[in-house]
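Below is one structure, written out as C-alpha cells; the observations come after it.
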Amino acid sequence: MLISLSFGGGVFGVKLTAKDICEVTGWSRDQLRALLDELPPYREWKSAARVARRFSPTDLLFLSVVAHLEQSAGLRRSAIARISTPLKELLSRVTILTSPEVIFVSLTPPKAVAIQGALPAECGIVIRLAPIARKLHEYFGLHIVGGTEKQVALKLGPTVLSRRSA
26 MLISLSFGGG
36 VFGVKLTAKD
46 ICEVTGWSRD
56 QLRALLDELP
66 PYREWKSAAR
76 VARRFSPTDL
86 LFLSVVAHLE
96 QSAGLRRSAI
106 ARISTPLKEL
116 LSRVTILTSP
126 EVIFVSLTPP
136 KAVAIQGALP
146 AECGIVIRLA
156 PIARKLHEYF
166 GLHIVGGTEK
176 QVALKLGPTV
186 LSRRSA
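Heads up: take any position in the sequence shown, counting from 1, add 25, and you land on my numbering.
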C-alpha cells in the first residue's frame with residue numbers, strides 16, 4: 026500500500042490550529058499547551074495574546090507521532106523532549122511512505138532514523154507510520170480504498186444562488 030504524505034509544502038496550503046491538533050491527537054487544549062511548552066522548537070514560539078498559533082501539516086504529523094509515543098509507548102514528556110529535535114527533523118523530510126514503513130527512536134543517544142531493512146541492535150522504540158498516516162489522511166478527507174487514495178465526497182447541502190444584474 027502506498028501512502029502519500031506531501032506535508033512539506035502543506036496539504037492544499039492548509040494551516041492548522043490547536044483545535045485540529047487536539048482532534049487528531051485526543052489532547053485537550055491545556056494538554057497541548059503544556060506539551061508545546063516542553064518541546065523544542067515549540068517552546069521558543071512567541072505568540073501574541075489572543076492570536077491562535079498556526080501549525081503546518083508537518084507539525085500535525087510530528088505531534089501525532091509524539092501522541093503515539095506518549096499514549097501507546099508510555100514515554101514521559103521529558104523523554105520525548107530529548108528526542109523531539111531529531112524526530113521533527115526526520116518527519117519534516119517525509120514525503121512518501123510505503124507500508125510497513127517504520128522509524129526507530131533512541132533515547133540514548135537521542136536520535137530518530139527511518140528504517141529500511143534490519144533494525145538497529147541498540148535499544149529504542151520502533152514506530153509504524155502507516156496507521157498514523159492513515160489517521161491523518163482520514164482527517165483531511167482522504168481515504169485509502171483498495172490500495173489507492175480516494176477523496177471522500179463532500180457533504181454539501183442545497184444552496185441558493187442569487188443572480189446579480191450588472
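Glycine included, each C-beta is placed from N, C-alpha and C at the ideal position. Because the structure is a prediction, the values reported are computed rather than measured.
Here the C-alpha atom of L112 lies approximately 8 Å from the C-alpha atom of F87.
In this structure, the alpha-carbon of C47 lies about 7 Å from that of L57. Listed in chain order, the alpha helix (DSSP H) runs fully inside the segment 84 to 158 are 102 to 117, counting runs of at least 4 residues. Measuring C-alpha to C-alpha distances from R107 to each of A137, A155 and F80 identifies A137 as the nearest. Between K44 and W70, the alpha-carbon positions lie close to 18 Å from each other. Note on D62: under 16 other CB atoms within 10 angstroms of its CB, so exposed under the neighbour-count rule. Bridge partners of L41 according to DSSP: F80.
For K160, the secondary structure class from DSSP, reduced to helix, strand or coil, is helix. For E63, the enclosing alpha helix (DSSP H) starts and ends at R54 to E63.
Proximity to S97 across Y164, A158, F80 and T50 peaks at T50, based on C-alpha coordinates. Straight across, the Cα-Cα distance linking R78 with L85 is about 13 Å. Taking the C-beta atoms as reference points, V127 is found nearer than 8 Å to L154. Residue environment analysis places V76 among the exposed positions, since fewer than 16 neighbouring C-beta atoms fall within 10 angstroms of its C-beta.
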